[in-house]
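Visitor: Chains as they are written, first to last, in this note's numbering: chain A, 729 to 1082; chain B, 729 to 1082; chain C, 729 to 1082; chain D, 729 to 1082; chain E, 729 to 1082.
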Amino acid sequence: MPDILDKASNKAGLPPGSLVHIGEHAADKSRVSAFIYDQDQCSYHREMTVGEIASLVTAGKVSWINVSGVHDTELIREMGNVFGLHHLLLEDIMHTGQRPKVEEYEETLFIVFKMLTFDPGQDSVQEEQVSLVLGKDWVLSFQEKEGDVFDPVRERISRAKGRIRRMGSDYLTYALVDAVVDHYFGVLEKIGDKIEDLQDEVLERPSKNIMQTIHKSKQELIFVRHSIWPLRDALNQVVRGEFEQITEQVSVYFRDVLDHTRQVLDAVDTFRDMLGATLEIYLSSLSHHMNQVMKVLTIIATLFIPLTFIVGIYGMNFAYMPELSWRYGYLAVWGVMLALAGGMIYAFKRQRWF
Amino acid sequence: MPDILDKASNKAGLPPGSLVHIGEHAADKSRVSAFIYDQDQCSYHREMTVGEIASLVTAGKVSWINVSGVHDTELIREMGNVFGLHHLLLEDIMHTGQRPKVEEYEETLFIVFKMLTFDPGQDSVQEEQVSLVLGKDWVLSFQEKEGDVFDPVRERISRAKGRIRRMGSDYLTYALVDAVVDHYFGVLEKIGDKIEDLQDEVLERPSKNIMQTIHKSKQELIFVRHSIWPLRDALNQVVRGEFEQITEQVSVYFRDVLDHTRQVLDAVDTFRDMLGATLEIYLSSLSHHMNQVMKVLTIIATLFIPLTFIVGIYGMNFAYMPELSWRYGYLAVWGVMLALAGGMIYAFKRQRWF
Amino acid sequence: MPDILDKASNKAGLPPGSLVHIGEHAADKSRVSAFIYDQDQCSYHREMTVGEIASLVTAGKVSWINVSGVHDTELIREMGNVFGLHHLLLEDIMHTGQRPKVEEYEETLFIVFKMLTFDPGQDSVQEEQVSLVLGKDWVLSFQEKEGDVFDPVRERISRAKGRIRRMGSDYLTYALVDAVVDHYFGVLEKIGDKIEDLQDEVLERPSKNIMQTIHKSKQELIFVRHSIWPLRDALNQVVRGEFEQITEQVSVYFRDVLDHTRQVLDAVDTFRDMLGATLEIYLSSLSHHMNQVMKVLTIIATLFIPLTFIVGIYGMNFAYMPELSWRYGYLAVWGVMLALAGGMIYAFKRQRWF
Amino acid sequence: MPDILDKASNKAGLPPGSLVHIGEHAADKSRVSAFIYDQDQCSYHREMTVGEIASLVTAGKVSWINVSGVHDTELIREMGNVFGLHHLLLEDIMHTGQRPKVEEYEETLFIVFKMLTFDPGQDSVQEEQVSLVLGKDWVLSFQEKEGDVFDPVRERISRAKGRIRRMGSDYLTYALVDAVVDHYFGVLEKIGDKIEDLQDEVLERPSKNIMQTIHKSKQELIFVRHSIWPLRDALNQVVRGEFEQITEQVSVYFRDVLDHTRQVLDAVDTFRDMLGATLEIYLSSLSHHMNQVMKVLTIIATLFIPLTFIVGIYGMNFAYMPELSWRYGYLAVWGVMLALAGGMIYAFKRQRWF
Amino acid sequence: MPDILDKASNKAGLPPGSLVHIGEHAADKSRVSAFIYDQDQCSYHREMTVGEIASLVTAGKVSWINVSGVHDTELIREMGNVFGLHHLLLEDIMHTGQRPKVEEYEETLFIVFKMLTFDPGQDSVQEEQVSLVLGKDWVLSFQEKEGDVFDPVRERISRAKGRIRRMGSDYLTYALVDAVVDHYFGVLEKIGDKIEDLQDEVLERPSKNIMQTIHKSKQELIFVRHSIWPLRDALNQVVRGEFEQITEQVSVYFRDVLDHTRQVLDAVDTFRDMLGATLEIYLSSLSHHMNQVMKVLTIIATLFIPLTFIVGIYGMNFAYMPELSWRYGYLAVWGVMLALAGGMIYAFKRQRWF
């Protein structure tokens, strides 16, 4: 989360709506691509300029313009001009530390949320901001980098699978949100696997830095929860019918996504409980182990201390110590000591001390 | 809960409303059965095809069609066509990781919730998703497997017990929900017995892995709570009269079920408190025991250490040690040591150290 | 709370509204008594049959019919017929595991709540379900057993004290609720006394099973809270004027009872805080005591171990050990040892180790 | 808080509105005094009877009648008759365990809240119930004892400072509430001083019963919070304009008091956090100290135990022990022991054990 | 927070609206400066008197009057007269312990909030109260001291950057709030750096008073949260459109600030979680370290105690001890001791004791 801070503090003092990219600087060039489709036809255009885009958008067809890379100020500004976007909206697109939200700017609906992916290399969850702008006939989507989870949507459009080609831009918006939320499940599954591994490790042979691993996983869950929680509220607004841009027919689908979001958050909570239990069991087994060691060692010490005292007695050099000259004195001492040790062991056992 | 994740991630990328069964794959064939009844007559039909079902449903009579097994895509799709069900509704029926909810799809009311059973073999609670669809004259019920808790309802219908034969499809819906909620009590009773056994074990002779047993019970309670909690909200919506499909006359009965749901949740909370207390008492008794052991052992050690020092003194080989040649030196040392030991024991007792 | 479960699971599968008594089976016969009064007259009738009751109720007078013992199915059914009560209402009366609630059944208002009494013999709080049904001219009250807290109300009616004889059936309802809530204060006072005794014990000489006593008190408070908390919500509904059966004039009195309920709940919270503090102080004093013991014992051991080493040196049997033959060798060793012991004690004191 | 219980349980069974004083019995006689003022004139009357008061109240002037001592049933009843007060209102005045609240009784507005004072003698916060009744032209104030925080208000009235003489009875009500709330700041300041002393003590030389002092302070804060929290809600009702007795012009002033109440509650929360931190630091420093002691002592013991073993070896009396007869055997043993001790100290240091 | 108390208690008893400065007494003279601008022109005036200010304010232009230093009662009173401000508003300006809030006083809107700055010298966050009064054509800003975060706004006005010169006084208000909120990010970044340093220190070589440093940071976060949290609610009121002084066009900008406030609070929560984890890891590593030390030391002691016992045996002076005269007795004892030590070490290793 300190990310947000780094990002934001660079910008303090600029007038609002200043188009400055705030986020990791992607080396790649921003790329613009477009799907233009209706029930009968569908065309796909890659590596377009904004001018070309503007000429493609046709009333009566749905246009999905996707921008990968939001660091190109000029491009964003042009998009804003062509589609008549509010400058605060443009600022939010370029400033990649937004909380998920749905906002209305006059005619258009603006949805910001987080695409989560699991990076196996770093063994951690990566976050990427996705902004959707829903107009009458078009949907704009902005991503931080190339690579996304929208391929199934692209395929459904180009192959006319499902009902996407028969529906309007609001359904497309739904399909994009749905694709991202569906991907949350896969990410959580990965986190779940890690937590189950942790649980096994705790019960068998915990490594030295397991505490830190547990805390890291906890931080990760908090991070995921922070990324998703506000989306639930935002989708709730959509489902309650607060925005006219979403028709009632599509609202049912958003209710479905909202449901999935709730399931994801339930799973996050469950994982948090599991982590908590893992930590408790770890600490408890640690303290149990420690107690066992100390107890056994202390019992050994306690057994020998009185015996050592006894042998000390007959090591004294007094001139007059009758026992020393007894014929079976030495044997008698051994007898006394064995009886004492046996008695103590018996007493300890009776008290269930080991 | 990771179940949900396994289930959902398999489906990511499919268009919404894709009828793919998500859940444990039941080996059994899906079976369809139907009750058709009014106040005077009642007929029961087993092992029907969807076509036969369609011909049976008669206006003026109540039809209850029960489907056991939701993995047969074709069957579900046909049911959807015959009864005019929304494809998202069908998807929810087949996707068995739903949170309990009540949703309206145009004319029909869709209720999803969990049937809980206690499996004595596995010594754990099993969950099965039940979906009800309430239309004007009919109720559809979908279960994951053969075997349910609806037999009392079947008996009341066939024997015309109570008022079920005189009432409409909304009352039948109530009766089915009520049967499931009533069964929750039995499941909780089983869990309660286990917790009471745990409490007894803690106070007597706790086994080594009692911590894990306690945590397992806690997880189980959380699981049960997760299954029931959203049902309370859903029933609340029904009782507030948000849905026209439930007449006011039957709404009173739903208020009764809602009440039972609250009682179940109260019991879950009580059990959680009891488990918490059990854990605390266990940890406290553990630490008390440990403390006792350490204290007694340490006292023994402490008693003998000064004595050992004394006998060490007279084991020294100095040429000039006057005490050694005294007539009663040895006895005197014994006297000093006994006095010292007695004094220490007296002091420890006074300080209430044991 | 497992009570609820025992009770409810016996009933699973019966049609709703089945009149089966669920609760402890009282040996006593159910008894019915009635007060019939208006401003001028008042008559009291004991050991009535339901038929006699029916003939007594007169328009223009207030009738209070009290039933002690709810296990007599036939009696409850007859009452239901005479007063036209909904069968779910009758079921709730007989099923004694209800949560406190206020419900409207057409004309009548149904109030269920808990009468708490402190049983000095068992040293614990006893709960008894009280159900009130408020009709136009009559109030029915149902209790589980003979013996209640309504005597002051009876006296006020028969001696025409206060304004009860001048008011309607809603005021009588208030008076009965008020009598029960007033009694809560006495019960809490008893619990408070026990907690204060616990606090004293903790500070002085805690017995071995004080942990369990504390937990038992905590459970008791949770139990009391569970019994009263829903009543607050129910009374709130009454005060907000949701029910027409309560006139505005009497609503003011219910506001007063609601206030008392809040005070009781405040007291419960305060007691819980006190118990929590008691537990913390106990644990802290326990650990402090333990630490003290271990510290002193360890210091004693630490003092003597170097001394024992020294005397060990001069117990060695080397042929050439010059110190052994010194004239004042023995004295010198004593001197060294005393100096060492003194130095260590001084150092420990400086470090504030005891 | 058990106060409430003592108070309330004495009253169980009496008809509602019974005027029985419940609270500490003040020895003093109840005293009644009155201010009658308008913009031009102001008269002050002390030690009045209720009859005299009745004759003084004049339409067009504001009358403030203050009653110190609420144990005189007769007096309260007379006041009730003269000013037409509801008997439940009178009961609340005499029953001094009320939660702060604002209630409307027909024309009049009834405000109950707590006056807090810090008693330096007992080193604790004292609570006194203040009841205000606001009528059209008059304000009645009831206190438990002589002595209050209203002197500044009296002075402003008599010297015509500020705008109090130009405003109506609702402004006077505000002024009285404000005086009490302003005094909360002073009380909290005293508590704050105590907490800061505690913090210093913890960091320097904590006394033995500091745990109990911390818990006592925590109880005190909970007590203060309980006294003030409901007042916030009550004032909120006033500010939202729920009561017609408060004109919109004066409502702005109540918003100001509400603000102060929030500040007080913020301060209480801050103090609670501080106390919590103090406790944590204390416990942590305690355990740190203990650990240090045990570690050093154990290291000393561990150093000497092997050495004692070595000298034990050469104290054995075997006939054939070659080392004993070596010329420099004794020196060699010393050398070995010094080397061993040095090595152990070095190893411990390397492991950062001290 | 005790600040508030010091401040407030000095004022108890004064009539409301008394203009008494409460806060740190700034030595500086209060300074008044003014910007008067419209789209075409802009003039800046420093070190003005209130009279001069009054003559400058022109309808149709936006006037921003900034007052640095709120301790000059006379100045504040004059400002109040010139701009027609309510005396409670003036009181709040001078009393610098306000909670952030937005209040409406007839035509004007009053916004109070906190300017946070990080003082590197004291290594802590400093708070300064800023009050804004928004009238039709003017904005008044009051600060406690010279020096603020408004320079970027001043520059945008004088250089006509952005849209500030084209907009009204409500936009200026937004710009000032935005400048302060933007600065929060920088402050939090500093706190974040400190927390990250703490985390590193904990994992490497924690200093002795790290506990206190952690608690200090926690207090600081609570302080920051207290300063910002109420602002969120206040801005929420603005965004919901409760105040007519903010036009709908500017409301969109306030929504943006509200969003930033939420991000700041999210960051505060994240930092608190991080601090909590840091503390937990510290305590756990501390206890781990301690356990390790104790375990190793105890093992050493336990190893040597039986050996010391054995050498004690042969230090006894019995006349008849056959072993003593054996030829290889001494060697045999060494053998036994080595075997015993080896066996114990082996057993300890097998039990994973070290």
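By construction, the Cβ of each residue, glycine as well, lies at the ideal position given by its N, Cα and C atoms.
What you are looking at is a predicted structure, and each value in this text was computed from that prediction instead of being measured.
Going by DSSP, name the residue or residues bridged to tryptophan 792(A).
Guide: Phe763(A), Val867(A)
Visitor: Buried or exposed, going by whether 16 or more other CB atoms sit within 10 Å of the CB of lysine 757(E)?
Guide: exposed
Visitor: Less than 7 Å separating the beta-carbons of leucine 844(B) and glutamate 855(B)?
Guide: yes
Visitor: Verify the CB distance criterion: does threonine 1006(D) have a CB-CB separation below 7 Å to chain C?
Guide: no
Visitor: Please identify the residue among Ile885(B), Leu817(B), Thr824(B), Gly890(B) whose C-alpha is closest to the C-alpha of leucine 862(B).
Guide: Leu817(B)
Visitor: For valine 778(E) and leucine 813(E), which I take to be in contact (beta-carbon distance under 8 Å), what is that distance rounded to the nearest angstrom?
Guide: That pair is no contact at about 12 Å.
Visitor: Using a Cβ-Cβ cut-off of less than 8 Å, give me the residues of the segment 825 to 855 of chain C that come near chain B, in sequence order.
Guide: Gly825, Gln826, Arg827, Lys829, Glu831, Tyr833
Visitor: Would you mind listing the alpha helix (DSSP H) stretches within the segment 857 to 910 of chain C that are 4+ residues and don't spill past its ends, in chain order?
Guide: 879 to 886
Visitor: Between which two residues does the beta strand (DSSP E) containing lysine 829(B) stretch?
Guide: 829 to 833
Visitor: 7 Å is my cut-off, CB to CB: does valine 1064(D) come that close to chain E?
Guide: no
Visitor: For isoleucine 750(E), which residues does DSSP report across the bridge?
Guide: His823(E)
Visitor: Against chain A, which members of the segment 937 to 953 of chain B pass a CB distance test of less than 8 Å?
Guide: Met939, Gln940, His943, Lys946, Gln947, Ile950
Visitor: Would a check of beta-carbon distances place proline 730(B) closer than 7 Å to chain C?
Guide: With a pLDDT of 44 at proline 730(B), under the threshold of 50, the modelled position of that residue is not reliable, and the figure given next carries that caveat. No, because no Cβ of chain C sits closer than 7 Å to the Cβ of proline 730(B).
Visitor: Output needed in chain order: residues of the segment 984 to 1003 of chain A with a Cβ under 9 Å from some Cβ in chain B.
Guide: Asp984, Val985, Asp987, His988, Arg990, Gln991, Val992, Asp994, Ala995, Asp997, Thr998, Phe999, Asp1001, Met1002
Visitor: Do leucine 1007(D) and isoleucine 923(D) have their beta-carbon atoms positioned less than 7 Å apart in this structure?
Guide: Not a contact, by the Cβ cut-off of 7 Å.
Visitor: Report the rounded CA-to-CA distance for alanine 1067(A) versus proline 1034(A), giving the unit in angstroms.
Guide: In this structure, the CA atom of alanine 1067(A) is about 12 Å from the CA atom of proline 1034(A).
Visitor: So which residues of chain A does threonine 1036(B) contact, with C-beta pairs closer than 8 Å?
Guide: Within 8 Å Cβ-Cβ: Ile1033, Thr1036, Phe1037, Gly1040.
Visitor: Return the bridge partner residues of tyrosine 1074(B) from the DSSP annotation.
Guide: Answer by DSSP bridge pairing: none, since tyrosine 1074(B) is not bridged.
Visitor: Which chain B residues are close to isoleucine 781(C), counting only those with a beta carbon under 7 Å from its beta carbon?
Guide: Those within 7 Å of isoleucine 781(C) in chain B number zero; the least Cβ separation is about 26 Å.
Visitor: Taking only beta-carbon atoms, is lysine 873(B) less than 7 Å away from chain C?
Guide: no
Visitor: Out of Asp925(C), Gly1040(C), Asp865(C), Val840(C), which one is the CA nearest neighbour of lysine 789(C)?
Guide: Asp865(C)
Visitor: Quick one: is glycine 1057(E) near chain D, going by C-beta distance under 7 Å?
Guide: yes
Visitor: Does the separation of the CB atoms of threonine 1026(B) and leucine 1025(C) fall below 7 Å?
Guide: yes
Visitor: Can you pull out the residues from the segment 1012 to 1031 of chain C whose beta carbon lies closer than 7 Å to at least one beta carbon of chain B?
Guide: Residues passing the 7 Å Cβ filter: Met1018, Val1021, Met1022, Leu1025, Ile1028, Ala1029.
Visitor: Mapping the DSSP letters down to three states, classify methionine 1022(C) as helix, strand or coil.
Guide: helix
Visitor: In three-state terms, what does DSSP make of histidine 814(D)?
Guide: Note: histidine 814(D) maps to coil in three-state DSSP.
Visitor: How many angstroms separate the CA atom of alanine 1005(C) from the CA atom of alanine 907(B)?
Guide: 45 Å
Visitor: Assuming threonine 941(D) is part of the alpha helix (DSSP H), what are its boundary residues?
Guide: 938 to 967
Visitor: So for lysine 735(E), helix, strand or coil by DSSP?
Guide: Reliability of the predicted coordinates at lysine 735(E) is poor, the pLDDT of 47 falling under 50, and the value obtained from them is presented with this limitation in mind. Correct three-state label for lysine 735(E): helix.
Visitor: So, does the segment 952 to 969 of chain E touch the segment 881 to 891 of chain E, judging by three or more C-beta pairs under 8 Å?
Guide: Under the three-pair Cβ rule at 8 Å, the segment 952 to 969 of chain E does not count as touching the segment 881 to 891 of chain E.
Visitor: Look at the Cβ atom of valine 798(A), then the Cβ atom of isoleucine 764(A), and state whether they are nearer than 7 Å.
Guide: no
Visitor: Arginine 827(C): which of Val877(C), Met939(C), His954(C), Asp997(C) sits nearest, CA to CA?
Guide: His954(C)
Visitor: Whose Cβ in chain B lies nearer than 7 Å to the Cβ of asparagine 1089(A)?
Guide: Because chain A in this structure spans residues 729 to 1082, residue 1089(A) falls outside the shown range and cannot be described.
Visitor: At a Cβ threshold of 7 Å, is leucine 816(E) touching chain D?
Guide: yes
Visitor: Are tyrosine 902(E) and tyrosine 981(E) touching if we call contact CB-CB under 7 Å?
Guide: Going by C-beta atoms, tyrosine 902(E) is nearer than 7 Å to tyrosine 981(E).
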